[in-house]
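Chemist: One structure is given below, represented as structure tokens, and several questions about it will come after.
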Amino acid sequence: MFEHVPHWLGAMLREVRAGHNKLAVAQPELAGLEPFHLASPAFGPGGRLPTRFTADGAGVSPPLVWHSLPAETQHLALLVEDPDAPLPRPWLHALIWCLPATQYALDEGAMMRGDSAAGQDCGQETSIAQPWLAPDPPTGHGRHDYVFELFALRAAPSLGDRPSRSAVIEAMAGEVLGAAVLVGTYDRGTPAPLDQGLGAGPVDIIARRSPA
Numbered sequence: 020m021f022e023h024v025p026h027w028l029g030a031m032l033r034e035v036r037a038g039h040n041k042l043a044v045a046q047p048e049l050a051g052l053e054p055f056h057l058a059s060p061a062f063g064p065g066g067r068l069p070t071r072f073t074a075d076g077a078g079v080s081p082p083l084v085w086h087s088l089p090a091e092t093q094h095l096a097l098l099v100e101d102p103d104a105p106l107p108r109p110w111l112h113a114l115i116w117c118l119p120a121t122q123y124a125l126d127e128g129a130m131m132r133g134d135s136a137a138g139q140d141c142g143q144e145t146s147i148a149q150p151w152l153a154p155d156p157p158t159g160h161g162r163h164d165y166v167f168e169l170f171a172l173r174a175a176p177s178l179g180d181r182p183s184r185s186a187v188i189e190a191m192a193g194e195v196l197g198a199a200v201l202v203g204t205y206d207r208g209t210p211a212p213l214d215q216g217l218g219a220g221p222v223d224i225i226a227r228r229s230p231a
């Protein structure tokens with residue numbers, strides 16, 4: 020979508036960014052969470068996303084692995100956001116609701132399977148409310164962070180088919196036991212590695228909070 024933005028326009032908007040303080044994990048109602056481990060075998064924490072996971076490549080979603088969930092976790096919710104988008108709030112790249120607590124990984128491409136989104140009875144089917152939208156930062160806008168936010172929930176009320184970001188955040192309030200964050204980066208103009216961070220260990224990241 021943004022690949023056709025002229026370089027001069029992207030450069031002019033370089034300082035216009037939504038802000039890390041507007042990420043879901045940075046919201047006050049989700050504060051004080053127990054951290055756990057989230058990583059990807061495809062890129063290291065804070066590392067550049069390989070091109071195949073972006074709009075400049077195949078655009079598939081990257082694999083993720085996690086462990087050490089808080090006790091009493093029943094469900095998981097995953098949001099992927101770009102807080103550097105030149106918009107009033109972070110751009111949503113994926114939203115998966117009701118992952119079972121018995122699941123400890125997402126395979127490459129798993130976030131793209133939107134036909135599995137039922138979501139009527141949480142605990143029965145995972146709802147891919149927003150299938151993977153490949154990173155596509157404006158040319159000339161500089162580096163963008165792509166923040167993978169995984170929430171461990173003690174309960175997850177049914178929100179129906181394809182709940183919105185705001186509905187998910189509202190439903191999570193009071194139900195979140197812990198959170199894990201993994202950041203991948205991408206920008207247009209720097210060659211991406213063919214393979215980066217393979218075998219990287221798990222990581223705890225506290226969400227960055229910066230001015231909008």
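In this note's numbering, each residue's number is its place in the sequence shown (first place is 1) plus 19. Where is the CB? At the ideal position from N, CA and C, for every residue including glycine. Bear in mind the structure is a predicted one, so any value in this text is a computation, not a measurement.
(1) On the DSSP bridge list, what partners appear for residue 149?
(2) DSSP has residue 195 in a bridge; who is on the other side?
(3) Identify which residue in 159, 93, 131 has its Cα closest to the Cα of residue 196.
(4) Tell me which same chain residues have a C-beta within less than 6 Å of the C-beta of residue 110, skipping the five on either side of it?
(5) Rounded to whole angstroms, what's the CA-CA distance from residue 214 to residue 65? Just pull it up for me.
(6) For residue 162, does the count of other Cβ atoms within 10 angstroms reach 16, so buried, or fall short, so exposed?
(7) May I have the straight-line CA-CA distance separating residue 72 from residue 153, to the nearest angstrom?
(8) For residue 63, count neighbouring Cβ atoms within 10 angstroms of its own Cβ and tell me buried if that reaches 16, exposed if not.
(9) Take residue 91 and list the residues in its own chain whose beta-carbon comes closer than 7 Å to its own, dropping the five residues that flank it on each side.
(10) To the nearest angstrom, how far is it from the Cα of residue 12 to the Cα of residue 149?
(11) Who are the near neighbours of residue 49 in its chain, counting only those whose CB is closer than 6 Å to its CB and skipping five residues on each side?
(12) By the three-class DSSP mapping on this structure, what secondary structure does residue 70 have?
(13) Are residue 95 and residue 68 touching if we call contact CB-CB under 8 Å?
(14) Quick one: what's got a C-beta closer than 7 Å to residue 120's C-beta in the same chain, skipping five residues either side?
(15) Check for me: the beta strand (DSSP E) holding residue 50 runs from which residue to which?
(16) CB-CB under 7 Å to residue 207, same chain, minus the five flanking residues each way: which ones, in chain order?
(17) Name the two residues that bound the continuous beta strand (DSSP E) containing residue 101.
Modeler: Answer, in terms of the structure:
(1) Working through the sequence shown from its first residue, we reach residue 149 at position 130. According to DSSP, residue 149 bridges with 114.
(2) As a position in the sequence shown, residue 195 is number 176, starting the count at 1. DSSP, once it has assigned bridges, lists 172 as partnering residue 195.
(3) Along the sequence shown, read from residue 1 onward, the residue named residue 196 stands at position 177. Closest option to residue 196, Cα to Cα, is 93.
(4) Counting from 1 along the sequence shown, the entry for residue 110 is found at position 91. These residues qualify, in order along the chain: 101, 104.
(5) As a position in the sequence shown, residue 214 is number 195, starting the count at 1. As a position in the sequence shown, residue 65 is number 46, starting the count at 1. Unreliable positioning characterises residue 214 in this predicted model, as indicated by a pLDDT of 48, which lies under 50. A coordinate reading is not provided.
(6) Here residue 162 refers to the residue found at position 143 of the sequence shown. So residue 162 counts as exposed.
(7) As a first step, residue 72 is located in the sequence shown; it is residue number 53 there, counting from the start. As a first step, residue 153 is located in the sequence shown; it is residue number 134 there, counting from the start. The straight-line gap from Cα to Cα measures roughly 6 Å.
(8) On the sequence shown, residue 63 is found 44 positions in, with the first residue counted as 1. Buried is the call here.
(9) If you number the sequence shown from 1, residue 91 lands on position 72. Cβ neighbours of residue 91 beyond the five flanking positions: 173, 196.
(10) Look at the range of the chain in this structure, 20 to 231, and you will see that residue 12 is not part of it.
(11) Position 30 of the sequence shown holds residue 49. Counting only Cβ-Cβ distances below 6 Å, and skipping sequence neighbours, we find 195.
(12) As a working note, residue 70 is residue 51 in the sequence shown. Reduced to three states, the DSSP call for residue 70 is helix.
(13) Here residue 95 refers to the residue found at position 76 of the sequence shown. Here residue 68 refers to the residue found at position 49 of the sequence shown. Judged by beta-carbon spacing, residue 68 lies beyond the 8 Å limit of residue 95, meaning their Cβ atoms are not closer than that value.
(14) Residue mapping note: residue 120 aligns to position 101 of the sequence shown, counting from 1. So the qualifying residues of the chain are 88, 92, 93, 94, 95.
(15) Position 31 of the sequence shown holds residue 50. Run containing residue 50: none; DSSP gives neither H nor E here.
(16) Working through the sequence shown from its first residue, we reach residue 207 at position 188. Counting only Cβ-Cβ distances below 7 Å, and skipping sequence neighbours, we find 156, 158.
(17) Reading the sequence shown from its first residue, position 82 is the one you call residue 101. For residue 101, the enclosing beta strand (DSSP E) starts and ends at 94 to 101.
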